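Asker: So our numbering is basically just the index in the sequence shown, starting at one, shifted up by 25.
Don't be surprised by glycine CBs; every beta carbon is placed ideally from N, CA and C.
Predicted model, so just to flag it, every value in this text is computed and none were measured.
Quick one: this structure, given as structure tokens, is what I'll be asking you about.
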Amino acid sequence: MGELLRGPKIVELPRIQDPRGNLTFIEGSAHVPFDIARVYYLYDVPGGESRGGHAHKELEQLIIAASGSFDVVLDDGRDQSTFFLNRSYTGLYVPPMHWRELENFSSGSVCLVLASMPYSEADYYRGYEEFAAAVRVDQ
Ligand code: TYD
26 MGELLRGPKI VELPRIQDPR GNLTFIEGSA HVPFDIARVY YLYDVPGGES
76 RGGHAHKELE QLIIAASGSF DVVLDDGRDQ STFFLNRSYT GLYVPPMHWR
126 ELENFSSGSV CLVLASMPYS EADYYRGYEE FAAAVRVDQ
């Protein structure tokens, strides 16, 4: 699994469609390639606002537009790719060592994040140059 999931990847989540409202569920290690240690969500984000602007050393995440939409721009120190998320049943798997910017939030959107580890400031690269230098050392 690790080999296949080295890069970012769109993950289709199970969807139980129902006229009363649809339901999606996520089980650690089954629908995401890690045990879920933490869940957080961004909400009340003003339309057009941006978040992110950091990378993680070891943390793996699945990012979902639980409501509304936004762009996730990922940068592995060499290449950039942009993922537009606007479905409650589609997640973006973000491996460690990817600089991320979350942009163009629609107003009222909710960004749900499943994470493989508890919060740790020591796991962050807060400066792009520091991140890029670490990528160069790894290569
Ligand atoms: P941060 O990850 O920097 O969010 P963004 O890059 O979108 O601005 O987190 C913002 C603040 O929230 C920062 O002070 C750390 C704190 N925080 C926690 O305490 N626990 C968490 O699980 C997260 C994600 C953030």
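Using a Cβ-based criterion (distance less than 7 angstroms to any ligand heavy atom), does Tyr114 qualify as near the ligand TYD?
Answerer: Residue numbering aside, residue 114 sits at position 89 when the sequence shown is read from its first letter. False, no ligand heavy atom lies under 7 angstroms from that Cβ.
Asker: Could you tell me whether any non-hydrogen atom of the ligand TYD is closer than 7 angstroms to the CB of Gly152?
Answerer: Locating residue 152 in the sequence shown gives position 127, where the first residue counts as 1. No, Cβ of Gly152 sits at least 7 angstroms from all heavy atoms of the ligand TYD.
Asker: By a C-beta neighbour count over all protein chains shown, 10 Å radius and 16 as the cutoff for buried, is Ile41 buried or exposed?
Answerer: Walking along the sequence shown from the start, residue 41 turns up at place 16. Exposed, since its Cβ has fewer than 16 Cβ neighbours within 10 Å.
Asker: Judging by CA-CA distance, which residue of Ser131, Thr115, Tyr153 is the nearest neighbour of Leu139?
Answerer: Here the question's residue 139 lines up with position 114 in the sequence shown. Nearest C-alpha to Leu139: Thr115.
Asker: Just to confirm, does His79 get its C-beta within under 7 angstroms of one of the non-hydrogen atoms of the ligand TYD?
Answerer: Taking the sequence shown and counting its residues from 1, the one referred to as residue 79 is at position 54. Yes, since a heavy atom of the ligand TYD falls inside the 7 angstroms radius drawn around the Cβ of His79.
Asker: Rounding to the nearest angstrom, what Cα-Cα distance links Met26 and Gln105 in this structure?
Answerer: The count along the sequence shown starts at 1 and reaches residue 26 at position 1. The count along the sequence shown starts at 1 and reaches residue 105 at position 80. Here the model assigns Met26 a pLDDT of 43, short of 50, so the residue's position is not dependable, and the following value carries that caveat. Cα to Cα, Met26 sits roughly 23 angstroms from Gln105.
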